[in-house]
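4 protein chains.
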Amino acid sequence: MKAVVKTGSHKGFIYKEVAKPSPGPNEMLIKVHATAICGTDISYYEWNQSAIDFTSKFNVKFPFVAGHEFSGEVIELGSNVKSFKIGDRVAAETHIPCGECFQCKNGNSHNCMNMGIFGINCDGCFSEYTILPESIAFKLPENISFEEGALLEPAGVAMRAVEEADVQPGETALVFGCGAIGLFAVKLLLASGVSKVLAVDIDQYRVDMAKRFGAIAINSLEDDLDALVKKVCEKRGGVDIILEMTGSPKVYETLFDYLRLEGKVVTVGHPGGEISINITKNINLKGAKIKGLFGRRIWNTWYNLSSLLESDKVKLLDVVTHRFSLSQFEEAFEQVSKDSGKVMFII
Amino acid sequence: MKAVVKTGSHKGFIYKEVAKPSPGPNEMLIKVHATAICGTDISYYEWNQSAIDFTSKFNVKFPFVAGHEFSGEVIELGSNVKSFKIGDRVAAETHIPCGECFQCKNGNSHNCMNMGIFGINCDGCFSEYTILPESIAFKLPENISFEEGALLEPAGVAMRAVEEADVQPGETALVFGCGAIGLFAVKLLLASGVSKVLAVDIDQYRVDMAKRFGAIAINSLEDDLDALVKKVCEKRGGVDIILEMTGSPKVYETLFDYLRLEGKVVTVGHPGGEISINITKNINLKGAKIKGLFGRRIWNTWYNLSSLLESDKVKLLDVVTHRFSLSQFEEAFEQVSKDSGKVMFII
Amino acid sequence: MKAVVKTGSHKGFIYKEVAKPSPGPNEMLIKVHATAICGTDISYYEWNQSAIDFTSKFNVKFPFVAGHEFSGEVIELGSNVKSFKIGDRVAAETHIPCGECFQCKNGNSHNCMNMGIFGINCDGCFSEYTILPESIAFKLPENISFEEGALLEPAGVAMRAVEEADVQPGETALVFGCGAIGLFAVKLLLASGVSKVLAVDIDQYRVDMAKRFGAIAINSLEDDLDALVKKVCEKRGGVDIILEMTGSPKVYETLFDYLRLEGKVVTVGHPGGEISINITKNINLKGAKIKGLFGRRIWNTWYNLSSLLESDKVKLLDVVTHRFSLSQFEEAFEQVSKDSGKVMFII
Amino acid sequence: MKAVVKTGSHKGFIYKEVAKPSPGPNEMLIKVHATAICGTDISYYEWNQSAIDFTSKFNVKFPFVAGHEFSGEVIELGSNVKSFKIGDRVAAETHIPCGECFQCKNGNSHNCMNMGIFGINCDGCFSEYTILPESIAFKLPENISFEEGALLEPAGVAMRAVEEADVQPGETALVFGCGAIGLFAVKLLLASGVSKVLAVDIDQYRVDMAKRFGAIAINSLEDDLDALVKKVCEKRGGVDIILEMTGSPKVYETLFDYLRLEGKVVTVGHPGGEISINITKNINLKGAKIKGLFGRRIWNTWYNLSSLLESDKVKLLDVVTHRFSLSQFEEAFEQVSKDSGKVMFII
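Protein chains in written order, with this note's numbering: chain A, 97 to 443; chain B, 97 to 443; chain C, 97 to 443; chain D, 97 to 443.
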């Protein structure tokens with residue numbers, strides 16, 4: 097079968113023929129239908145510091161098939177698989193929990209102490225077929241398409257951010273970063289009772305998308321965020337909820353200024369280095385609550401998100417702006433750094 | 097001034113001239129603009145058991161001006177009033193907290209141990225003017241009209257029910273009763289991330305209103321609620337959230353059958369007598385969580401609700417179906433028992 | 097091997113020789129060391145309505161070995177068992193989750209939609225050996241003895257009740273029923289920040305045990321609970337937390353009178369029939385929060401409880417008042433209805 | 097009357113005669129009985145950066161009587177005072193809320209948007225008498241002594257830290273800093289269900305106090321905290337709860353290494369400058385939850401703490417190591433930097 101492969105610790109992927117895999121007893125063979133490009137894939141494509149850190153932290157071995165956001169159809173079952181059958185349409189969680197550690201046994205399997213990462217320390221889904229452990233497979237509801245299904249994983253990050261923000265209906269929110277996850281967050285916040293969602297980016301294409309999805313969005317290179325927050329959230333003295341989805345150190349320079357006293361911050365973006373924070377002023381006297389995010393709640397986030405989609409309260413597909421075939425992978429990765437929302441492979 | 101007065105422990109109100117009142121040091125004189133009829137007003141109009149119970153519990157003295165859901169304009173200030181000025185547009189909380197008891201000092205002033213009730217144990221607002229303690233006045237945001245402002249109190253009950261239900265985005269809800277508060281609840285649940293809201297009543301006019309507001313609504317005299325819940329909530333094994341807004345013993349006969357395991361119930365309707373509950377089956381083995389409701393969180397509920405209105409996420413005015421002048425009070429109270437949503441006096 | 101067996105739908109157990117079982121692929125053979133008598137065992141011994149209801153609800157088949165609270169040693173491993181080894185000391189959860197349903201996949205496997213019950217719809221532990229599914233085995237920390245280990249399951253019910261009560265340090269609590277679970281609750285509440293624990297029973301032997309464990313305990317046949325609550329909780333207007341552990345309809349006649357406004361009730365005892373509740377007065381106007389309980393959180397409750405034991409913050413063994421051999425089972429079951437705390441078999 | 101006065105923006109206090117004050121309508125005159133030295137008092141005594149920052153942030157005017165942790169007796173009532181009478185024994189909240197802002201009206205009056213600070217931007221309590229606004233007075237329960245009463249404010253900071261940590265019974269905690277608030281925290285954590293409390297300081301006198309109060313305490317200059325955490329919290333992969341009570345940048349270099357995945361951090365100590373944090377590793381991938389602290393919940397924290405004291409679950413007085421008269425203020429402030437717990441003035 098054809099696959100996009102990471103062959104070693106250097107820039108680039110290779111599109112090549114690899115052996116079609118066979119499922120082990122607790123695994124399934126999946127015909128991949130749609131798969132999307134994530135920031136982690138870009139890191140591996142470019143082989144930047146983040147990829148180097150991940151490779152070391154998760155003990156990654158080369159070569160491996162890249163990609164982890166996808167949906168597809170079950171075409172072969174391992175001998176122990178019980179909850180799925182051939183023909184089932186599935187998406188997949190990326191975090192592979194061990195099921196045995198303290199975290200797994202206490203409701204935090206998304207942050208397992210012995211976690212595997214699908215598409216990082218095992219083969220992923222930028223390929224015609226992929227092997228999926230039953231433990232991370234999620235059966236797609238009937239009225240969710242393959243393309244939408246492939247967005248459940250990344251939109252699940254935004255969903256979890258909304259869950260951790262513990263929205264009180266009527267609160268206001270500010271989203272830093274209008275990449276795909278930021279855009280999903282805008283939609284999900286608006287669907288979850290937030291009265292006004294502010295959104296910020298430095299890319300006008302993305303700012304325009306956020307506006308289209310209902311945010312009060314600005315390009316912070318051109319417009320004054322401070323004035324906007326003061327105007328919109330005057331009574332509350334700042335926004336109630338901030339979702340940080342850029343990982344940019346620059347954002348942290350002013351982030352807490354926009355937060356109201358006793359407000360909530362969820363950090364999703366992964367900064368490359370250390371961030372300087374004035375704990376006294378910005379956390380203690382502010383009374384801030386901060387939650388760091390890694391992954392989706394297994395399976396709460398998946399059920400909640402898919403229920404919102406099933407009932408048509410939220411639409412995800414208009415975040416997708418470009419679709420490619422696998423063989424066009426170079427073009428696809430170039431597109432990501434230009435005007436784009438989510439970029440997908442249709443297989 | 098003209099007022100609708102409850103003169104004693106018998107059926108009916110009287111529309112009559114009464115002295116225009118003067119505010120004490122911590123009070124304000126308000127020109128009433130809009131005021132709505134609540135179930136409690138109906139109880140006092142009809143002088144039913146619920147009115148008798150309230151009269152005894154809250155030490156009510158006759159005569160008193162009826163009514164407590166309203167909005168108006170500040171036209172005179174008591175000497176100690178600090179936070180309001182003449183011309184301010186206001187609505188009012190009905191629960192008058194003492195500010196000194198354990199409940200008030202621990203964030204539960206809505207359920208004060210020495211609570212007064214506006215329009216029950218002091219004069220209310222079915223009149224041209226009313227006296228409002230500063231402590232229960234809420235300043236209306238600019239873009240909320242007087243009519244909408246008069247709905248904040250009853251819609252606040254629905255809002256608090258939604259708050260207590262602790263909605264996880266994507267959950268399903270079932271509302272028993274499509275009176276005004278049930279209708280407000282339908283709107284607020286849908287705005288707060290609930291994926292599907294089922295609603296039930298035995299009055300087709302109200303069922304139709306609930307449908308218009310986005311609920312999957314049925315007339316339980318004609319349609320099969322059991323089948324509907326099974327179909328809509330099959331995967332979850334029942335609805336996640338039930339709001340009981342009828343007070344009908346009949347509802348309790350099957351209410352818990354529709355709740356999923358570990359689901360949440362908020363009881364708002366006040367049954368007249370005792371209700372029989374199978375605790376083992378319906379609460380323990382079910383793992384149910386039940387919260388009884390009395391009043392709005394002061395002032396969280398008010399801020400949250402008015403933020404939803406200000407941002408146009410929720411509209412309340414289409415719940416109002418009839419408007420009368422004060423002198424038409426008999427007609428208004430008759431209308432309440434016919435096809436109607438919320439019934440209002442415009443003054 | 098010898099076992100205490102329930103042979104059919106009638107009173108009594110039989111002590112007899114049965115075949116020593118062999119573990120399936122996901123099971124382990126356990127040498128039972130200590131096992132305790134639970135209320136459910138008594139129901140089955142006496143064959144009362146509760147046993148009849150359980151038998152129908154959980155599709156129980158006769159004959160089966162009774163008993164489910166125990167600890168023992170792993171002596172044989174099924175072929176798929178991964179997390180345990182021969183010689184491991186274990187206790188066991190009684191609720192056998194399917195792992196696949198909505199409840200299991202959303203953090204509520206204790207209330208699985210397809211739940212099996214160890215010792216009810218499969219053989220239990222009143223025997224020399226028992227078969228334990230790996231999925232419900234809990235490895236005992238080194239400094240927890242077999243006898244203490246056998247108490248983790250019943251004490252886990254009390255622990256979960258404390259967890260669900262969401263104790264704020266300094267709050268007061270009232271425990272109805274000083275049977276073993278009530279006594280465990282007294283100890284756990286006192287260890288979890290409750291300032292004063294009131295406890296009530298009608299059996300003086302148990303009242304005296306509760307006193308010894310630190311409760312302000314009274315025999316409600318002789319002493320005035322109303323006066324006690326008024327005195328101890330005067331400022332708060334009632335107790336903050338009530339744990340109902342009797343299942344007695346009589347308790348419900350006054351239970352809510354002792355609860356402060358906005359207080360919390362956890363119901364653990366299973367009443368035989370319907371209970372009459374004045375929802376308006378006792379739940380709505382009271383602002384009560386009620387949580388029904390079934391089982392322990394898997395595995396949070398187990399980890400939390402065993403951490404309390406490991407650090408010696410709580411001792412469980414002094415709740416055990418009588419120890420028997422399996423062959424003395426009739427004597428043991430007689431003892432339960434006399435002066436006793438927890439009654440155990442040492443095997 | 098005699099008072100310890102801060103006269104200007106320079107080092108030191110002056111002990112001098114000042115006019116005995118008279119209460120305004122909403123104030124009371126208090127005879128001070130016991131008052132304790134807080135870190136803020138030391139900052140003002142030494143006139144360090146923290147004092148300069150506070151002076152600017154809270155618009156402080158000189159001269160003012162220093163001190164804010166105290167208890168005393170009501171000896172004169174302002175004309176509007178309703179909830180207190182002459183002879184009442186009181187302690188006082190330091191944060192003076194406006195009662196009108198969004199924070200005050202939404203349950204966060206401890207972090208009022210227009211906050212006054214008792215003893216900072218009005219006269220404090222290092223004096224024979226002091227003026228206390230009724231709104232921040234707390235009536236002492238009968239069995240709490242004046243000395244204990246004067247500790248409610250600082251112990252309230254530790255109490256609030258414990259409240260914000262949202263302790264699950266059985267969890268483990270690590271306290272950085274064994275000053276008075278750290279020592280109170282050790283006691284309160286142990287009383288609130290924490291199974292094991294680790295505590296760290298670089299002052300052996302304080303480490304020994306923490307040990308005496310039940311902590312597993314070490315001097316981090318001499319002992320290996322890393323090894324200790326690994327040993328005590330091996331199963332959980334780190335501690336569940338960290339309370340940062342030093343404000344030391346050095347502590348932040350390793351703080352997150354001791355936290356288990358999805359653990360909780362409450363920051364209480366106020367670092368002087370910026371702190372560098374690796375957000376990706378220490379907050380995001382760790383799944384950390386961080387809450388910044390400023391003040392006590394008004395009045396929840398006060399009620400909860402005083403209930404723990406009233407029931408003798410926690411003793412505070414053994415944290416006090418030195419007692420002085422007001423005239424010995426120089427000696428007292430010198431003692432604070434030597435071997436000491438809490439240092440008090442008895443008046």
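Positions of the beta carbon are idealized from the N, C-alpha and C atoms, including for glycine.
Legend entry - Pair within 9 Å by beta-carbon distance, Gly-437 (chain D) and Met-341 (chain D): Not closer than 9 Å, so no.
Inset, instruction - Determine the extent of the alpha helix (DSSP H) in which Gly-245 (chain B) is found, giving its start and end residues. - result: Counting along the chain, the alpha helix (DSSP H) containing Gly-245 (chain B) begins and ends at 242-245.
Legend entry - For Tyr-348 (chain A), the nearest candidate out of A:Arg-356, A:Leu-279 and A:Ile-338 (CA to CA): Looking at the Cα atoms, A:Ile-338 is the closest of the given residues.
Inset, instruction - State the DSSP-derived secondary structure class of Met-491 (chain A), mapped to helix, strand or coil. - result: This structure cannot settle anything about residue 491 (chain A), because the visible part of chain A is limited to 97 through 443.
Legend entry - Residues within the stretch 387-398 of chain B neighbouring chain D, beta-carbon criterion of under 9 Å: Within the stretch 387-398 of chain B, the qualifying residues are Arg-393, Ile-394, Trp-395, Asn-396 and Trp-398.
Legend entry - Interface flag, Pro-444 (chain B) vs chain C, CB-CB below 9 Å: Because residue 444 (chain B) is not part of the residues shown, which for chain B are 97 to 443, the question remains open.
Inset, instruction - Name, please, each residue of chain B whose Cβ falls closer than 9 Å to the Cβ of Leu-462 (chain C). - result: With chain C represented from 97 up to 443, any question about residue 462 (chain C) goes unanswered, as that position is not in the structure.
Inset, instruction - Please determine, among A:Ser-421, A:Trp-395 and A:Gln-424, the residue with the shortest C-alpha to C-alpha distance to Ile-232 (chain A). - result: Nearest to Ile-232 (chain A) by C-alpha distance, out of A:Ser-421, A:Trp-395 and A:Gln-424, is A:Trp-395.
Legend entry - Between the CA atoms of Asp-137 (chain B) and Phe-453 (chain C) - distance to the nearest angstrom: Residue numbering for chain C in the displayed model covers 97 to 443; residue 453 (chain C) lies beyond these limits and cannot be assessed.
Legend entry - Chain-ordered neighbours of Trp-292 (chain C) on chain D, where CB pairs are closer than 7 Å: Looking at the sequence shown, residue 292 (chain C) is not Trp but Lys. Listed along chain D, the residues sitting closer than 7 Å to Lys-292 (chain C) by beta-carbon distance are Ser-407.
Inset, instruction - Show which residues of chain D have a CB atom less than 9 Å away from the CB atom of Phe-444 (chain A). - result: Lying before the first or after the last residue shown, residue 444 (chain A) is absent from chain A, which here runs from 97 to 443.
Inset, instruction - Look at the alpha carbon of Phe-420 (chain B) and the alpha carbon of Lys-327 (chain B), and state the distance between them as a whole number of angstroms. - result: Counting only the Cα atoms, Lys-327 (chain B) lies some 42 Å from Phe-420 (chain B).
Inset, instruction - Tell me, please, whether the stretch 110-128 of chain C touches the stretch 162-177 of chain C by the rule of three or more beta-carbon pairs shorter than 8 Å. - result: Output reads yes: the stretch 162-177 of chain C touches the stretch 110-128 of chain C.
Legend entry - Per-residue DSSP class, three states only, for Met-341 (chain D): DSSP places Met-341 (chain D) outside both helix and strand once states are collapsed to three, so it counts as coil.
Inset, instruction - Could you say if the stretch 253-261 of chain B and the stretch 271-284 of chain B meet the contact criterion of at least three C-beta pairs nearer than 8 Å? - result: Contact between the stretch 253-261 of chain B and the stretch 271-284 of chain B is established, with three or more Cβ pairs separated by less than 8 Å.
Legend entry - Three or more C-beta pairs below 8 Å linking the stretch 426-437 of chain A and the stretch 386-406 of chain A: Judged by Cβ distances under 8 Å, the stretch 426-437 of chain A makes no contact with the stretch 386-406 of chain A, as fewer than three pairs qualify.
Inset, instruction - Quick one: which residues of the stretch 153-179 of chain A get their C-beta closer than 9 Å to a C-beta of chain C? List them in chain order. - result: Answer in chain order: Asn-176, Lys-178 and Ser-179.
Legend entry - C-beta neighbour in chain A for Gln-264 (chain B), strict 9 Å: With 9 Å as the cut-off, Gln-264 (chain B) counts as an interface residue toward chain A.
Inset, instruction - Use the C-beta contact count for Gly-183 (chain C): other C-beta atoms within 10 angstroms, 16 or more gives buried, fewer gives exposed. - result: The residue is exposed, with fewer than 16 neighbouring Cβ atoms inside 10 Å.
Inset, instruction - Would you mind stating whether Glu-169 (chain C) and Ala-132 (chain C) have Cβ atoms separated by less than 9 Å? - result: No.
Inset, instruction - In the DSSP assignment, find the alpha helix (DSSP H) that holds Val-277 (chain C) and state where it starts and stops. - result: With the sequence shown as reference, residue 277 (chain C) is identified as Ile, and Val is not the correct amino acid for it. For Ile-277 (chain C), the enclosing alpha helix (DSSP H) begins and ends at 276-287.
Inset, instruction - Taking Ala-261 (chain C) as the query, report the chain B residues whose CB atoms sit under 8 Å from its CB, ordered along the chain. - result: Those do not exist, as Ala-261 (chain C) stays about 12 Å from chain B at its closest Cβ, beyond 8 Å.
Legend entry - Segment contact, 8 Å Cβ cut-off, at least three pairs: the stretch 214-230 of chain C with the stretch 256-268 of chain C: Verdict: no, contact absent.
Inset, instruction - For Asn-207 (chain B), decide whether its Cβ has a neighbour in chain D, counting only Cβ atoms nearer than 9 Å. - result: Judged by the 9 Å Cβ criterion, Asn-207 (chain B) is not in contact with chain D.
Inset, instruction - Could you give the DSSP three-state label for Ile-216 (chain D): helix, strand or coil? - result: Look at Ile-216 (chain D) here: in three-state DSSP terms it is coil, with no helix or strand label.
Legend entry - Contact check, Glu-370 (chain D) vs Asn-374 (chain A), beta carbons under 9 Å: In this structure, Asn-374 (chain A) lies closer than 9 Å to Glu-370 (chain D) by Cβ.
Legend entry - Span separating the alpha-carbon of Asn-155 (chain B) from that of Leu-247 (chain B): Computed Cα separation, rounded: 26 Å.
Inset, instruction - Examine chain B for any beta-carbon lying closer than 9 Å to the beta-carbon of Gly-289 (chain A), and answer yes or no. - result: Yes, because at least one Cβ of chain B sits closer than 9 Å to the Cβ of Gly-289 (chain A).
Inset, instruction - Kindly provide the ranges of any beta strand (DSSP E) runs that are 3 or more residues long and lie completely inside the stretch 149-219 of chain D, ordered along the chain. - result: The qualifying runs are 165-173 and 185-188.
Legend entry - Min CB distance Lys-385 (chain D) to chain A below 9 Å: Yes, contact with chain A.
Legend entry - Which listed residue (A:Tyr-399, A:Ser-344, A:Ala-313 and A:Lys-382) has its alpha carbon closest to that of His-366 (chain D): Proximity to His-366 (chain D) across A:Tyr-399, A:Ser-344, A:Ala-313 and A:Lys-382 peaks at A:Lys-382, based on C-alpha coordinates.
Inset, instruction - Please report the Cβ distance between Pro-265 (chain D) and Ser-288 (chain C), rounded to the nearest whole angstrom; I am assuming they are in contact, meaning their Cβ atoms lie under 8 Å. - result: Taking the Cβ atoms as the reference, Pro-265 (chain D) lies roughly 4 Å from Ser-288 (chain C), within the contact range of under 8 Å.
Inset, instruction - Using a Cβ cut-off of 9 Å, pull out every chain C residue sitting near Val-258 (chain D), in sequence order please. - result: By Cβ distance, chain C contributes Pro-265 and Gly-289.
Legend entry - Gly-108 (chain B) vs Phe-158 (chain B) beta-carbon contact at 9 Å: 9 Å or more divides the Cβ of Gly-108 (chain B) from the Cβ of Phe-158 (chain B).
Inset, instruction - Using alpha carbons as the reference points, say which of B:Ala-311, B:Phe-272, B:Gly-310 and B:Leu-285 lies closest to Ile-298 (chain B). - result: When each option's Cα is compared against that of Ile-298 (chain B), the closest is B:Phe-272.
Legend entry - Whole-Å CB distance - Ile-379 (chain B) paired with Thr-363 (chain C), under 8 Å assumed: Contact holds; Cβ gap of about 6 Å.
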